[in-house]
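All residue numbers for the sequence shown refer to full-length UniProt numbering, where the first residue is 1 and numbers rise by one.
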Amino acid sequence: MPGMTTSLGQQLWNRVAERARRSLSNSEEPGQRLLEELRRDEGSDLQSRWEPELCINMIRVPITTNYAALRKLLKVVSREWMVEFVERGGLAVLLEALERLGSCPGPPDGPPRAPLGMEKTISQLRVVECIREVMNSAAGLSFLLDHAEYVHQLVNALSSQNITVKMQVFELLCALCLFSAKGHTLALDSLFFYTTSQGLRYRFQPLVTELRGCESDRYRSTIVAFANCLIQGADSLINRVKLRNELIGVGFGAELSALRANDLEAELSVQLNAFEESKEIDEEQMIQSEEMMTLSHHQLFHTLYEKVLGTPQAYRLHSVLLNLAQTDTASRKSDLMWELLEEVSSRALDGSLHWTQRRLGRLQSQAKNASSQTPRARGARRWNIRTPSRSSGTQTVEEAAAKPSRKTSSTQTPMDEEPSECATQTAPVPEEAPAPYFASPTRHSLPATLPSGWSPDTELQRHNSLPPSKKRLKTLNWTKIPPNKNYEDTVWNTVGAQPPSLTVDFRQMEELFCQRTTSPEATAAAPLSPKSPNQDVQVVNVLDSKRSLGVNILLRQFRELGVDGLLATIQEGNGRAIGADKLRGLLRLLPEPDELAMIKAQQLDEKMRLGDAESFYLQLNEVPSYALRIRAMLQREEFNPTAKELRPQLKAVLKACSTLVENSSLREFLALILHLGNMLNAGSYAGNAVGFKLSTLPRLLETRANKPRMTFLHFAVEIASKQPGCLDFVSELDVVHEAAKVPLELMEEEVRALSSGVQRLDKQIQHAPDDLKIQFSDFLSGALTTSEDLCRQLDAIKVASSRLARHFCEDEEKFQLNECFSLFSDFLVKAQTSIKENEQRRVQEARVQTMRQQSPAPTRGMSMKRTRRGRGTSTDSSDGEDSCVVDKLMQEIRSGTFKLRRCMPA
1 MPGMTTSLGQ
11 QLWNRVAERA
21 RRSLSNSEEP
31 GQRLLEELRR
41 DEGSDLQSRW
51 EPELCINMIR
61 VPITTNYAAL
71 RKLLKVVSRE
81 WMVEFVERGG
91 LAVLLEALER
101 LGSCPGPPDG
111 PPRAPLGMEK
121 TISQLRVVEC
131 IREVMNSAAG
141 LSFLLDHAEY
151 VHQLVNALSS
161 QNITVKMQVF
171 ELLCALCLFS
181 AKGHTLALDS
191 LFFYTTSQGL
201 RYRFQPLVTE
211 LRGCESDRYR
221 STIVAFANCL
231 IQGADSLINR
241 VKLRNELIGV
251 GFGAELSALR
261 ANDLEAELSV
271 QLNAFEESKE
281 IDEEQMIQSE
291 EMMTLSHHQL
301 FHTLYEKVLG
311 TPQAYRLHSV
321 LLNLAQTDTA
331 SRKSDLMWEL
341 LEEVSSRALD
351 GSLHWTQRRL
361 GRLQSQAKNA
371 SSQTPRARGA
381 RRWNIRTPSR
391 SSGTQTVEEA
401 AAKPSRKTSS
411 TQTPMDEEPS
421 ECATQTAPVP
431 EEAPAPYFAS
441 PTRHSLPATL
451 PSGWSPDTEL
461 QRHNSLPPSK
471 KRLKTLNWTK
481 IPPNKNYEDT
491 VWNTVGAQPP
501 SLTVDFRQME
511 ELFCQRTTSP
521 EATAAAPLSP
531 KSPNQDVQVV
541 NVLDSKRSLG
551 VNILLRQFRE
561 LGVDGLLATI
571 QEGNGRAIGA
581 DKLRGLLRLL
591 PEPDELAMIK
601 AQQLDEKMRL
611 GDAESFYLQL
621 NEVPSYALRI
631 RAMLQREEFN
641 PTAKELRPQL
651 KAVLKACSTL
661 VENSSLREFL
671 ALILHLGNML
681 NAGSYAGNAV
691 GFKLSTLPRL
701 LETRANKPRM
711 TFLHFAVEIA
721 SKQPGCLDFV
731 SELDVVHEAA
741 KVPLELMEEE
751 VRALSSGVQR
761 LDKQIQHAPD
771 DLKIQFSDFL
781 SGALTTSEDL
791 CRQLDAIKVA
801 SSRLARHFCE
811 DEEKFQLNEC
821 FSLFSDFLVK
831 AQTSIKENEQ
841 RRVQEARVQT
851 MRQQSPAPTR
861 GMSMKRTRRG
871 RGTSTDSSDG
881 EDSCVVDKLM
891 QEIRSGTFKL
901 RRCMPA
């Protein structure tokens with residue numbers, strides 16, 4: 001329906017315009033007649049014949065000539081005529097015509113409007129020019145400030161497809177910002193209104209969108225000028241910083257940085273410099289006033305955390321941060337949340353935030369209820385403790401504590417639910433029936449050799465005399481202590497001497513832990529298959545499940561070789577056929593002596609066999625010095641790649657140390673900085689210095705000049721550029737960037753580890769079998785030579801580091817070579833950036849100077865023109881102040897001057 005209404009209104013407007021054209025076809029149009037009279041320049045009689053009401057009726061007819069004639073008339077009318085024109089609704093008619101002629105997109109649920117034709121585009125431009133002439137007078141601009149809805153209608157023209165129209169709107173908003181404080185507020189409010197009507201999230205988002213999508217430097221300069229007016233029109237330093245940060249937050253600063261990289265016109269360069277200059281001035285004022293807004297996010301959070309640490313507010317802060325961390329920043333609700341948080345915190349800071357009586361009463365009621373409760377009652381609100389009990393009897397605390405606690409998995413059936421399939425096959429056990437004493441299935445796994453002091457009769461009576469189970473139970477996966485261990489003074493000797501006096505319901509244990517069996521019906525329905533000869537063979541697993549799983553996964557990686565091929569490859573020392581990664585995995589899973597002893601202690605018959613992992617361990621144990629062979633193969637596979645990686649790093653560090661000491665260009669630039677610094681610090685405690693620490697280099701950018709984007713480093717680079725070869729160090733010290741990426745401590749550890757590993761392997765192989773010595777003799781001789789060379793280079797780096805510390809007059813004990821490289825690397829990057837920025841600044845300043853030389857004299861011609869065409873033959877000084885307000889303001893703005901008019905003209 002909104003789309004149909006818009007289309008119907010447009011059709012009615014077109015019919016009115018066509019009817020007006022037919023009615024004026026046989027007679028001269030009013031606009032054409034007015035233009036003829038303006039050319040004859042009839043003075044005061046012109047304003048008496050063309051009264052404001054007549055002109056308003058004329059522009060109700062949407063003809064380009066009418067708008068052009070009104071624009072020329074508005075240039076010469078008096079203040080009284082202008083006041084009557086706006087009070088009778090002339091400005092409202094112009095804004096309504098601008099809205100109807102615009103190519104704004106249709107409503108969200110309706111069709112978009114068609115693009116404008118040439119005639120409508122020209123008419124729209126003429127309407128904006130008429131509005132500008134109205135605002136050029138102080139009377140028209142003051143009238144606009146009293147009607148905020150007119151500003152909203154004006155801002156809606158930003159959705160036009162005509163860049164010239166949008167540029168005119170931005171210029172009018174610029175004048176509105178600097179004309180008065182109320183105008184600045186209306187401009188911000190209109191931006192919020194426009195973003196809301198267009199469905200945008202942020203009020204400054206249209207500026208970024210227009211700046212990103214346009215290609216005209218003049219239009220870009222107008223957008224940046226509007227941003228400057230918004231910032232400079234703020235009434236305090238804090239508000240200026242907030243507005244600027246809000247602009248930067250939506251991407252405005254990133255767009256300006258992208259523009260600076262291009263070849264710009266002088267007018268745009270003026271606005272960019274004005275933006276940066278005002279930013280630097282405000283930052284300096286913030287530093288001088290010690291405002292907390294200069295702190296970063298991390299610094300502010302640390303300050304807040306230290307303030308609330310150890311107080312009840314710390315838990316509130318944690319809760320608030322937890323809620324904020326869970327919010328979706330892409331949601332529009334988060335924008336409302338941030339706005340509310342900012343408003344509440346600001347009002348709490350200035351004392352304008354007050355709690356309501358209802359809120360206060362609710363808090364007091366909660367506090368009273370909490371204070372009247374006991375600690376146990378308050379704890380019961382958080383925890384609901386249930387103690388299960390059985391009706392058949394009682395359970396003492398000692399019995400409950402003696403029972404092992406277990407976490408029931410999701411596949412097990414709770415006691416309160418229906419019994420499992422295994423439990424249903426057993427007759428129910430009456431609760432009054434006595435339970436057997438700690439019954440468990442019989443196990444026959446006596447070791448072949450018994451340790452001293454261990455009585456087999458006692459152990460058989462203690463563990464193996466338990467009553468047998470009628471069902472096959474699940475196996476508890478534990479690791480048995482080897483039988484050859486000495487049990488004296490251990491917990492197991494004490495446990496064995498004092499068996500637990502517990503009453504265990506073994507039948508219940510059978511029901512819970514019996515293995516599931518298939519039903520007779522399923523067995524009868526299953527087809528009979530011939531019995532495999534290995535079907536009755538029992539697999540004996542000695543290793544725990546995790547260990548066994550790891551070994552089996554490793555063996556699957558050698559399917560092509562097989563176990564026999566793997567063992568043969570290990571014995572031959574062919575590490576390349578296995579690979580370094582697999583050798584590392586094999587080294588991690590080598591058998592422990594206890595595991596081998598347990599595997600060898602197993603007595604197997606015809607119906608029993610070892611698992612795959614246990615069998616592999618037995619076969620691997622038959623290879624002589626298998627662990628040494630695997631370590632030697634891994635060392636040989638890893639040595640050459642590691643040494644190849646370390647050599648260029650060592651060379652880069654050594655070259656960087658020597659270059660920093662021997663480079664003459666760097667020495668000249670440091671001498672220039674020392675000379676300029678002494679001139680700057682003359683007469684102070686920091687003056688007359690013989691040198692400076694390396695930590696001074698990053699601070700060269702902190703000393704800012706009075707020029708925008710100019711620091712002490714920029715000035716030093718500019719002076720050095722006049723001396724041939726003084727800036728050659730920027731390109732000659734590229735090796736410092738490579739050395740800064742080298743982790744020196746880690747590199748030293750790798751060299752030491754590589755050298756010690758080779759030496760240790762050489763000593764171990766001296767006592768190894770002869771075939772192992774032959775396999776690795778060539779490798780060890782070359783590796784020892786290479787490791788000695790790497791160690792010599794490492795020692796040379798330490799010597800060069802001490803020389804570098806002495807060269808720059810640093811403390812050798814506290815000197816860190818890696819920090820030195822990082823510092824010089826950042827310094828070289830900043831010096832290169834300063835060179836580029838100085839060149840860009842020279843080009844921009846030349847363009848600005850050319851623009852100022854070519855610009856005409858300010859508003860002198862316009863004042864003379866207004867004097868000739870006004871009512872009478874001259875215009876007093878007050879009329880001159882009230883005329884061309886927008887033009888004068890825009891001329892100042894385009895020159896980079898933002899003079900605030902805090903008091904509106906009368």
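Glycine is no exception: its CB is placed at the ideal position from the N, C-alpha and C atoms.
Item to check | Cα-Cα separation between Lys814 and Pro698, rounded to whole angstroms | outcome: 19 Å
Item to check | Endpoints, beta strand (DSSP E) assigned at Met608 | outcome: Met608 to Leu610
Next on the checklist: So if DSSP puts Val540 in a beta bridge, which residue, or which two residues, is it bridged to?
Outcome noted: Leu610
Next on the checklist: Helix, strand or coil, according to DSSP, for Phe179 in the structure here?
Outcome noted: helix
Checklist entry - Going by beta carbon distance, what residues of the same chain come within less than 6 Å of Gly140, once the five residues before and after it are set aside? => result Met82, Val86 and Val134
Next on the checklist: Check this for me: beta carbons of Phe669 and Ala783, under 7 Å apart or not?
Outcome noted: no
Item to check | Span of the alpha helix (DSSP H), counted from its first residue to its last, around Lys546 | outcome: Ser545 to Arg556
Item to check | Separation of Leu237 from Leu154, as counted between CA atoms | outcome: If you draw a straight line from the Cα of Leu154 to the Cα of Leu237, it is about 29 Å long.
Checklist entry - Considering only the beta carbon of each residue, do His675 and Asn838 sit closer than 7 Å? => result Taking 7 Å as the Cβ cut-off, His675 and Asn838 do not qualify as a contacting pair.
Checklist entry - CB Ala580 to CB Glu645, shorter than 7 Å? => result no
Checklist entry - Since Leu620 contacts Leu567 with CB under 8 Å, what's their CB separation in whole angstroms? => result 7 Å
Checklist entry - Between Cys214, Ser755 and Ile835, which lies nearest to Asp728 when the distance is taken from Cα to Cα? => result Ile835
Checklist entry - On the three-state DSSP scale, how would you describe Leu324? => result helix
Item to check | Exposure label - Cys820; buried when at least 16 CB within 10 Å | outcome: buried
Item to check | Cutoff 8 Å; reference Pro206; Cβ partners in own chain excluding five residues on either side | outcome: Leu158, Leu191, Tyr194, Thr195, Gln198 and Leu200
Checklist entry - Can you find a CB in chain C that lies within less than 7 Å of the CB of Leu694? => result The chain labelled as chain C is not found in the depicted structure, where only one protein chain is given.
Checklist entry - Expressed to the nearest angstrom, what Euclidean distance is found between the alpha-carbon atoms of His298 and Asn239? => result Taking the CA atoms as reference points, His298 sits about 22 Å from Asn239.
Checklist entry - When burial is assigned at 16 or more other CB atoms within 10 Å of the CB, is Asp282 buried or exposed? => result buried
Item to check | Beta-ladder partner(s) of Arg704, from DSSP | outcome: Thr711
Checklist entry - From Leu694 to Ala643, what distance separates their C-alpha atoms? => result 33 Å
Next on the checklist: Taking the alpha carbon of Leu754 as the reference point, which residue from Leu794, Phe808, Asp811 and Thr569 has its own alpha carbon closest?
Outcome noted: When Leu794, Phe808, Asp811 and Thr569 are compared, the shortest CA-CA separation from Leu754 is found for Leu794.
Checklist entry - Between residue 907 and Ala68, which are expected to be in contact by the criterion C-beta below 8 Å, what is the C-beta distance as a whole number of angstroms? => result A query on residue 907 cannot be resolved here, the shown segment of the chain reaching from 1 to 906 and no further.
Next on the checklist: How far does the alpha helix (DSSP H) with Lys582 in it extend, from its first residue to its last?
Outcome noted: Ala580 to Arg588
Item to check | Whole-angstrom distance between Gly233 and Leu186, CA atom to CA atom | outcome: One C-alpha to the other measures close to 12 Å.
Next on the checklist: Closest to Ala597 by C-alpha separation, out of Met608, Glu614 and Leu587, would be which residue?
Outcome noted: Glu614
Checklist entry - What is the rounded straight-line gap between the Cα of Val224 and the Cα of Ala716? => result Distance between Val224 and Ala716, taken at the CA atoms: about 30 Å.
Checklist entry - If you draw a straight line from the C-alpha of Glu51 to the C-alpha of Ser78, how long is it? => result 12 Å
Checklist entry - For Leu634 versus Leu561, is the C-beta spacing smaller than 7 Å? => result Cβ distance not < 7 Å, so Leu634 and Leu561 don't count as in contact.
Next on the checklist: Just to confirm before moving on: does the CB-CB distance between Asp762 and Leu790 stay below 7 Å?
Outcome noted: no
Checklist entry - Going by Cα to Cα distance, which pick from Ser142, His184, Cys174 and Cys214 is closest to Ile163? => result Taking only the C-alpha atoms, the option nearest Ile163 is Cys214.
Checklist entry - Just the Cα atoms here: how many angstroms apart are Arg88 and Glu53? => result 7 Å
Next on the checklist: Please report the distance separating the alpha-carbon of Arg760 from that of Leu587.
Outcome noted: 17 Å
Next on the checklist: If contact is defined by three or more beta carbon pairs under 8 Å, each pair taking one atom from either stretch, is the stretch 649-669 in contact with the stretch 795-803?
Outcome noted: yes
Next on the checklist: Going by C-alpha to C-alpha distance, which of Val61, Ser665, Phe692 and Arg631 sits closest to Ile765?
Outcome noted: The candidate whose alpha carbon is nearest that of Ile765 is Arg631.
Item to check | Whether Leu145 touches Gly183 by CB criterion (7 Å) | outcome: Yes, they are a contact pair.
Checklist entry - Looking at the structure shown, is Glu668 part of a helix, part of a strand, or coil, going by DSSP? => result helix
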